[in-house]
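Chains as they are written, first to last, in this note's numbering: chain A, 59 to 384; chain B, 9 to 272.
Every residue gets a Cβ at the ideal spot worked out from N, C-alpha and C, and that includes glycine.
In what follows, a single structure is set out as structure tokens and then discussed.
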Amino acid sequence: MAVAIHLENCGKTFPDGTRALEPIDVRIAAGETIVVLGPSGCGKTTLLRIIAGLESPDAGGRVLFDTEDVTPEPIEQRGVGMVFQSYALFPNMSVAENVGYGLRVRKWPREEREQRVTEMLGLVDLAKLGARRVDQLSGGQKQRVALARALAIRPRVLLLDEPLTALDAKLREQLRVEIDRLLSHLGITSIYVTHDQSEAMALGDRIIVMEKGRIAQTGTPQEIYHHPATAFVADFIGTMNRIVRDGREFMFRPEDARIVPAGSHDLEAKVISSFFLGDHTRLAVDAGAAAPIIVETTERREWPRDETVYLAIAPGALLPVPGEAP
Amino acid sequence: MRVRPLRYWLQLGLTLLVCAFLVVPVFMSILAGVTQNYFIGVKSGLTLRWVGEVWTLYSDTIWRSIYIALATLAVTLALGIPAAYALARAQSRWTRWIEELLTLPIAVPGLATALALILLYGQWRDFRASWLFILVGHVLFTLPFMVRSVLAVMLAVDLRTLEEAAASLGASFRERFLGVILPNVRPGIVAGSLMVVTLSMGEFNMTWMLHTPLTKTLPVGLADSYASMRLEIGSAYTLIFLLMIVPLLVGLQWAAGRVERSRA
Numbered sequence: 059m060a061v062a063i064h065l066e067n068c069g070k071t072f073p074d075g076t077r078a079l080e081p082i083d084v085r086i087a088a089g090e091t092i093v094v095l096g097p098s099g100c101g102k103t104t105l106l107r108i109i110a111g112l113e114s115p116d117a118g119g120r121v122l123f124d125t126e127d128v129t130p131e132p133i134e135q136r137g138v139g140m141v142f143q144s145y146a147l148f149p150n151m152s153v154a155e156n157v158g159y160g161l162r163v164r165k166w167p168r169e170e171r172e173q174r175v176t177e178m179l180g181l182v183d184l185a186k187l188g189a190r191r192v193d194q195l196s197g198g199q200k201q202r203v204a205l206a207r208a209l210a211i212r213p214r215v216l217l218l219d220e221p222l223t224a225l226d227a228k229l230r231e232q233l234r235v236e237i238d239r240l241l242s243h244l245g246i247t248s249i250y251v252t253h254d255q256s257e258a259m260a261l262g263d264r265i266i267v268m269e270k271g272r273i274a275q276t277g278t279p280q281e282i283y284h285h286p287a288t289a290f291v292a293d294f295i296g297t298m299n300r301i302v303r304d305g306r307e308f309m310f311r312p313e314d315a316r317i318v319p320a321g322s323h324d325l326e327a328k329v330i331s332s333f334f335l336g337d338h339t340r341l342a343v344d345a346g347a348a349a350p351i352i353v354e355t356t357e358r359r360e361w362p363r364d365e366t367v368y369l370a371i372a373p374g375a376l377l378p379v380p381g382e383a384p
Numbered sequence: 009m010r011v012r013p014l015r016y017w018l019q020l021g022l023t024l025l026v027c028a029f030l031v032v033p034v035f036m037s038i039l040a041g042v043t044q045n046y047f048i049g050v051k052s053g054l055t056l057r058w059v060g061e062v063w064t065l066y067s068d069t070i071w072r073s074i075y076i077a078l079a080t081l082a083v084t085l086a087l088g089i090p091a092a093y094a095l096a097r098a099q100s101r102w103t104r105w106i107e108e109l110l111t112l113p114i115a116v117p118g119l120a121t122a123l124a125l126i127l128l129y130g131q132w133r134d135f136r137a138s139w140l141f142i143l144v145g146h147v148l149f150t151l152p153f154m155v156r157s158v159l160a161v162m163l164a165v166d167l168r169t170l171e172e173a174a175a176s177l178g179a180s181f182r183e184r185f186l187g188v189i190l191p192n193v194r195p196g197i198v199a200g201s202l203m204v205v206t207l208s209m210g211e212f213n214m215t216w217m218l219h220t221p222l223t224k225t226l227p228v229g230l231a232d233s234y235a236s237m238r239l240e241i242g243s244a245y246t247l248i249f250l251l252m253i254v255p256l257l258v259g260l261q262w263a264a265g266r267v268e269r270s271r272a
């Protein structure tokens, strides 16, 4: 059964006095996949470890699974499945023994255990590798074993701590699709921590963007992308151009600008450099702003340096820059 | 055949010479232990008579050395593994200090440690006279080797994350320790154990100070036989010692290789 999670006033100060997490409130709906996104040191892993029970919140903080207060419970009693960046598979056990470990600890009878292990290995497409030693697996296979191991115990919550970071780009993409399929198929409440915004956009029902131990914004990927609440969020997710109009600073996404014939344009700019990326070309142009403006075009031609281009910005795409977070 | 430069032959000759320098005395000693009369030489005939004499005279020291070594092993396992675990879990400036302090008994001469033990516990007659007194000295001397050997493997396998993973799957501390931690640090435990047994078996310095006539160990007995027995008996005794210690040393090499591989 999927549970809802409620973090109430959860902060974390380490014994040496560093404040990893300002007291925050987070509500996660049952069955929701929530991605916690932010640069390293923003407190996202601490947040995950508080939900897991690997860290306890500072006095006054509470962690609720549905209405049950689990704050005093250690991790082994919380029924959470956890997937680590470093896989954390047990080297002294085979793939099947790893997946079955949580069931063995729970004293499942052997037959049911084997059945469940077979089912889980099938779920992550590793049906034939049960007898392998874990050091004979590739990184992608290891992480799928870790997923199967975490899900085998039917956890109330699935927690993923940068699960794809140790993999190379192609595998990352592949496993991301697989995780997405799994999470929506299982309907389990999941919390996914990452510093990679494309992973966050692809996987999250909602995203929590964190900065310096605080929540900068919570929202759907669309909300976060199109209506960033702070300048930090705007710059951290995707590319954001900035221009000054009538003494105020505005911003817009590269895909909201088009190259148009002279006359119907909003901006006039000179090409600084162009990057041919196959399906499109990315241009950096100088429109007199502090930083170059990035635009994308699918036109099949060369873009010589210093050529003058005319840009039209889609109506409504121009956003005022939000004030810095207090 | 290809012609080797002169330098090659010089280097080979020097190497063989150094090897001979080290090995020949050991070989001569072994030979002396099975020779009828060393002063006449091998032509007097080979015999196991001296080995037999050693057995009747000194078998108690051999057994004592074996059980002191095993008791030392048991104590260092019981103290060393939890200590290494605690150090591995609480990595900080303080634990690194403690790791450094742990090497102190190795650096201090065995005689000095023995003297300290005698000053402190010498007045407890029964304790002073029993083999347990030697056991305490051996534990003091070998414990650091056990702790460091186990700790090295614990730090190499990212114990903390493995344990967190096991805990997330519902394993209690006891289940994690027995099912995940111990099996994964086994190479370190094996290497540490062989080291402890070898060191305890061969320890002379400190044991010589701590022993009583009724608690002689093999190396102490060896010194005794060199001083007061005929040369052939001392040599036969050495032969027995080598037969016991060499397999341990070979095992130690093998275990150290396994630790290297587990860390790679």
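Self-check item: For residue 75 of chain B: DSSP bridge partner residues
Solution: For the purposes of this step, residue 75 of chain B is taken as the residue at position 67 of the second sequence. Under the DSSP definition of a beta bridge, residue 75 of chain B lacks any partner.
Quiz item: Using a beta-carbon distance below 8 Å, is residue 133 of chain A in contact with chain B?
Solution: Position 75 of the first sequence, counted from the start, is the residue given in the question as residue 133 of chain A. The Cβ of residue 133 of chain A sits closer than 8 Å to at least one Cβ of chain B.
Exercise. Using a cut-off of 7 Å between C-beta atoms, extract the partners of residue 179 of chain B located in chain A.
Key: As a working mapping, residue 179 of chain B is identified with position 171 in the second sequence. Per Cβ cutoff of 7 Å: 134, 163.
Self-check item: Uninterrupted beta strand (DSSP E) stretches inside the segment 123-164 of chain A (no shorter than 3 residues)
Solution: DSSP runs (the beta strand (DSSP E)) wholly in the segment 123-164 of chain A: 138-141.
Quiz item: To the nearest whole angstrom, what separates the beta carbons of residue 375 of chain A and residue 311 of chain A, a pair I think is in contact under 8 Å?
Solution: Stepping through the first sequence from its first residue, residue 375 of chain A is reached at position 317. Stepping through the first sequence from its first residue, residue 311 of chain A is reached at position 253. Residue 375 of chain A to residue 311 of chain A, Cβ: 7 Å. Contact.
Exercise. Compare the C-beta of residue 14 of chain B with all C-beta atoms of chain A and state if any pair is closer than 8 Å.
Key: The sequence position of residue 14 of chain B within the second sequence is 6, counting from 1. Answer no: the Cβ-Cβ gap between residue 14 of chain B and chain A never drops below 8 Å.
Quiz prompt | Exposure label - residue 156 of chain B; buried when at least 16 CB within 10 Å | solution = Within the second sequence, the letter at position 148 stands for residue 156 of chain B. By the Cβ-count criterion, residue 156 of chain B is buried, with 16 or more other Cβ atoms from all chains shown falling within 10 Å of its own Cβ.
Quiz item: For residue 188 of chain A, does the three-state DSSP call read helix, strand or coil?
Solution: Looking up residue 188 of chain A in the first sequence gives position 130. Here residue 188 of chain A sits in coil by DSSP.
Quiz prompt | Segments assigned alpha helix (DSSP H), at least 4 residues, entirely inside the segment 280-329 of chain A | solution = Those alpha helix (DSSP H) runs which fall completely within the segment 280-329 of chain A and span 4+ residues are 289-294.
Quiz item: Counting pairs of beta carbons, one from the segment 353-365 of chain A and one from the segment 322-338 of chain A, are three or more of them closer than 8 Å?
Solution: With the cut-off at 8 Å, the segment 353-365 of chain A and the segment 322-338 of chain A touch.
Quiz item: Do residue 251 of chain A and residue 112 of chain A have their C-beta atoms within less than 8 Å of each other?
Solution: Against the first sequence, residue 251 of chain A aligns to sequence position 193. Against the first sequence, residue 112 of chain A aligns to sequence position 54. Not closer than 8 Å, so no.
Quiz item: Under 8 Å between C-beta atoms, does residue 170 of chain B make it to chain A?
Solution: Along the second sequence, one-based indexing puts residue 170 of chain B at 162. Contact of residue 170 of chain B with chain A is assigned, a C-beta pair being separated by under 8 Å.
Exercise. Indicate whether the contact test is met: 3 or more Cβ pairs, each with one atom in the segment 157-165 of chain B and one in the segment 176-187 of chain B, closer than 8 Å.
Key: With the cut-off at 8 Å, the segment 157-165 of chain B and the segment 176-187 of chain B do not touch.
Quiz item: Can you name the start and end residues of the alpha helix (DSSP H) that residue 64 of chain A belongs to?
Solution: Start at 1 with the first residue of the first sequence, and residue 64 of chain A comes out as number 6. First-last for residue 64 of chain A: 63-71, but that is the beta strand (DSSP E), not the alpha helix (DSSP H).
Quiz item: What is the DSSP secondary structure of residue 197 of chain A, reduced to helix, strand or coil?
Solution: For this step, residue 197 of chain A is matched to residue 139 along the first sequence. It is helical.
Quiz item: Residues of chain A with a CB under 8 Å from the CB of residue 268 of chain B: which are they?
Solution: Reading the second sequence from its first residue, position 260 is the one you call residue 268 of chain B. Those do not exist, as residue 268 of chain B stays about 15 Å from chain A at its closest Cβ, beyond 8 Å.
Exercise. Could you have a look at residue 269 of chain A and say whether DSSP puts it in helix, strand or coil?
Key: Here residue 269 of chain A refers to the residue found at position 211 when the first sequence is read from its first residue. Correct three-state label for residue 269 of chain A: strand.
Quiz item: Beta-carbon of residue 384 of chain A versus every beta-carbon of chain B: anything under 8 Å?
Solution: Translated into positions along the first sequence, residue 384 of chain A becomes position 326. Confidence at residue 384 of chain A is low in this model, with a pLDDT of 40, below 50, so its placement is unreliable and no value can be given for it.
Practice problem: Look at the alpha carbon of residue 345 of chain A and the alpha carbon of residue 122 of chain A, and state the distance between them as a whole number of angstroms. | Solution: Within the first sequence, the letter at position 287 stands for residue 345 of chain A. Within the first sequence, the letter at position 64 stands for residue 122 of chain A. Our two residues, residue 345 of chain A and residue 122 of chain A, have alpha carbons roughly 51 Å apart in a direct line.
Quiz item: Within 8 Å (strictly less), CB to CB, does residue 195 of chain B reach chain A?
Solution: Here residue 195 of chain B refers to the residue found at position 187 of the second sequence. In terms of beta-carbon proximity, residue 195 of chain B stays away from the interface with chain A, with every pair separated by 8 Å or more.
Exercise. Would you mind stating whether residue 223 of chain B and residue 104 of chain B have Cβ atoms separated by less than 8 Å?
Key: By 1-based counting over the second sequence, the position of residue 223 of chain B is 215. By 1-based counting over the second sequence, the position of residue 104 of chain B is 96. No; because the gap between Cβ atoms is not below 8 Å, this pair is not in contact.
Quiz prompt | Stretch-stretch touch, CB-based, cutoff 8 Å, three pairs: the segment 238-251 of chain B with the segment 194-208 of chain B | solution = Verdict: no, contact absent.
Quiz item: Do residue 139 of chain A and residue 247 of chain A come within 8 Å of each other at the CB atom, strictly closer than that value?
Solution: Translated into the one-based positions of the first sequence, residue 247 of chain A becomes position 189. Translated into the one-based positions of the first sequence, residue 139 of chain A becomes position 81. No, the Cβ-Cβ distance between residue 247 of chain A and residue 139 of chain A is not below 8 Å.
Quiz item: Where in the segment 181-260 of chain B do unbroken runs of the alpha helix (DSSP H), each at least 4 residues long, occur, reported from the N-terminal end onward?
Solution: If we require 4 residues or more, the alpha helix (DSSP H) runs fully inside the segment 181-260 of chain B come out as 181-184, 194-210, 213-218, 226-236.
Practice problem: Report yes if the CB atom of residue 162 of chain A is closer than 8 Å to the CB atom of residue 184 of chain A, and no otherwise. | Solution: As a working mapping, residue 162 of chain A is identified with position 104 in the first sequence. As a working mapping, residue 184 of chain A is identified with position 126 in the first sequence. No, Cβ-Cβ distance for residue 162 of chain A and residue 184 of chain A is not below 8 Å.
Self-check item: Buried/exposed call for residue 162 of chain B, threshold 16 Cβ in 10 Å
Solution: Here residue 162 of chain B corresponds to residue number 154 of the second sequence, with the count starting at 1. Burial state of residue 162 of chain B is buried, judged by a 10 Å Cβ sphere holding 16 or more other Cβ atoms.
Quiz item: Under 9 Å Cβ-Cβ, which residues of chain B neighbour residue 72 of chain A?
Solution: As a first step, residue 72 of chain A is located in the first sequence; it is residue number 14 there, counting from the start. Against residue 72 of chain A, chain B offers no close residue; the least beta-carbon distance is about 12 Å (beta-carbon pairs closer than 9 Å).
Quiz item: Distance, Cα to Cα, residue 229 of chain B vs residue 210 of chain B?
Solution: On the second sequence, residue 229 of chain B is found 221 positions in, with the first residue counted as 1. On the second sequence, residue 210 of chain B is found 202 positions in, with the first residue counted as 1. Going by the C-alpha atoms only, they are around 11 Å apart.
Quiz item: How would you list, in chain order, the residues of chain A whose beta-carbon sits under 8 Å from the beta-carbon of residue 166 of chain B?
Solution: Taking the first residue of the second sequence as 1, we reach residue 166 of chain B at position 158. Think of a sphere of 8 Å around the beta carbon of residue 166 of chain B: the chain A residues whose beta carbon falls inside it are 144, 146, in chain order.
Quiz item: Within this structure, are the beta carbons of residue 204 of chain A and residue 283 of chain A separated by less than 8 Å?
Solution: As a working mapping, residue 204 of chain A is identified with position 146 in the first sequence. As a working mapping, residue 283 of chain A is identified with position 225 in the first sequence. With contacts defined as CB atoms closer than 8 Å, residue 204 of chain A and residue 283 of chain A fail to qualify as a contacting pair.
Quiz prompt | Reference residue 352 of chain A, options A:324, A:228, A:300, closest by Cα | solution = Here residue 352 of chain A refers to the residue found at position 294 of the first sequence. Nearest of A:324, A:228, A:300 to residue 352 of chain A, Cα basis: A:300.
Quiz item: Should residue 250 of chain A be flagged as near chain B, meaning a C-beta pair shorter than 8 Å?
Solution: Numbered from 1 along the first sequence, position 192 holds the residue referred to as residue 250 of chain A. For residue 250 of chain A, the closest Cβ of chain B is not nearer than 8 Å.
Quiz item: Per the contact definition of three or more C-beta pairs closer than 8 Å, is the segment 115-135 of chain A in contact with the segment 63-75 of chain A?
Solution: Flag = yes, the segment 63-75 of chain A and the segment 115-135 of chain A touch.
Quiz item: When DSSP labels each residue in this structure, what does residue 250 of chain A get in the three-state scheme?
Solution: Here residue 250 of chain A corresponds to residue number 192 of the first sequence, with the count starting at 1. Residue 250 of chain A falls in the strand class under three-state DSSP.
Exercise. Consult DSSP for residue 116 of chain A and reduce its assignment to one of helix, strand or coil.
Key: Working through the first sequence from its first residue, we reach residue 116 of chain A at position 58. Residue state, collapsed to three classes: coil.
Quiz item: Thinking C-beta only, is residue 295 of chain A closer than 8 Å to residue 277 of chain A?
Solution: The residue given as residue 277 of chain A occupies position 219 in the first sequence. The residue given as residue 295 of chain A occupies position 237 in the first sequence. Result no, Cβ atoms of residue 277 of chain A and residue 295 of chain A do not sit closer than 8 Å.
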